[in-house]
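Report on the structure given below.
Numbering (our numbering), first residue to last: 995 to 1177.
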């Protein structure tokens, strides 16, 4: 949703026949585009506290809602436990065949995340302890985030690594500039 400060993004992943929806916002045009890609299989909710419209979309499409997946049998994805604590639970998806990494909240590209020049930034709540161990070993060709535009090609890995590497260093400026992100 480009007109929002957080620039929420939803994703539809397809293998040419099946479609998996990730953290969808119930936007009729976006859902129709997703359905044009193939048969919907499941809706994934990758973050515990921001449910978006996952349940409504799953109900409307008549598919299962999978919240915070750990095992993904029957799919081409690997689940990554990004954050697991009492106030924040988040998973990411890795699709090895296409080198696609889907991150709900830990990394984003909207102005709220104060992205580096490479295009992505770590969530302000994780800047002191970025998910380097959880995400830093992946070299995506496609970086799909819950906030902001996707980053594709060689730039995807550069953006992810840059965000993780600079999260602490850029924390003071991110805090200082945070109020401007809401304008």
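Note that CB positions come from ideal geometry on N, CA and C, so glycine has one too.
- prompt: In its own chain, which residues sit with a C-beta less than 8 Å from the C-beta of residue 1162, not counting the 5 before and 5 after it?
  reply: In the chain shown, counting from the first residue as 1, residue 1162 sits at position 168. Hits under 8 Å: 1121, 1122, 1124.
query: Is the CB-CB distance between residue 1153 and residue 1113 below 8 Å?
result: As a first step, residue 1153 is located in the chain shown; it is residue number 159 there, counting from the start. As a first step, residue 1113 is located in the chain shown; it is residue number 119 there, counting from the start. Taking 8 Å as the Cβ cut-off, residue 1153 and residue 1113 qualify as a contacting pair.
query: Just the Cα atoms here: how many angstroms apart are residue 1025 and residue 1078?
result: Residue 1025 sits at position 31 when you count from the first residue of the chain shown. Residue 1078 sits at position 84 when you count from the first residue of the chain shown. Going by the C-alpha atoms only, they are around 30 Å apart.
Enclosing alpha helix (DSSP H) for residue 1151 [first to last residue]: Residue numbering aside, residue 1151 sits at position 157 when the chain shown is read from its first letter. Its alpha helix (DSSP H) spans residues 1148-1160.
field: Three-way DSSP call (helix, strand, coil) for residue 1119 in this model
entry: Walking along the chain shown from the start, residue 1119 turns up at place 125. Helix.
- request: Under 6 Å Cβ to Cβ from residue 1016, same chain only, skipping five residues before and after it: list those, please.
  value: For the purposes of this step, residue 1016 is taken as the residue at position 22 of the chain shown. Excluding residues within five positions, the ones whose Cβ falls inside 6 Å are 1005, 1038, 1096.
Bridge partner(s) assigned by DSSP for residue 1141: To locate residue 1141, count along the chain shown from 1; it is residue 147. Beta-bridge pairing links residue 1141 to 1002.
field: Inter-residue Cα distance where the pair is residue 1027 and residue 1050
entry: Walking along the chain shown from the start, residue 1027 turns up at place 33. Walking along the chain shown from the start, residue 1050 turns up at place 56. Their Cα atoms are separated by approximately 17 Å.
field: Buried versus exposed, by CB contacts within 10 Å (16 or more), residue 1160
entry: Mapped onto the chain shown, residue 1160 falls at position 166. Flag for residue 1160 reads buried.
- prompt: So with Cβ pairs under 8 Å, would you call residue 1112 a contact of chain C?
  reply: Looking at the structure shown, chain C is missing, and only one protein chain is on hand.
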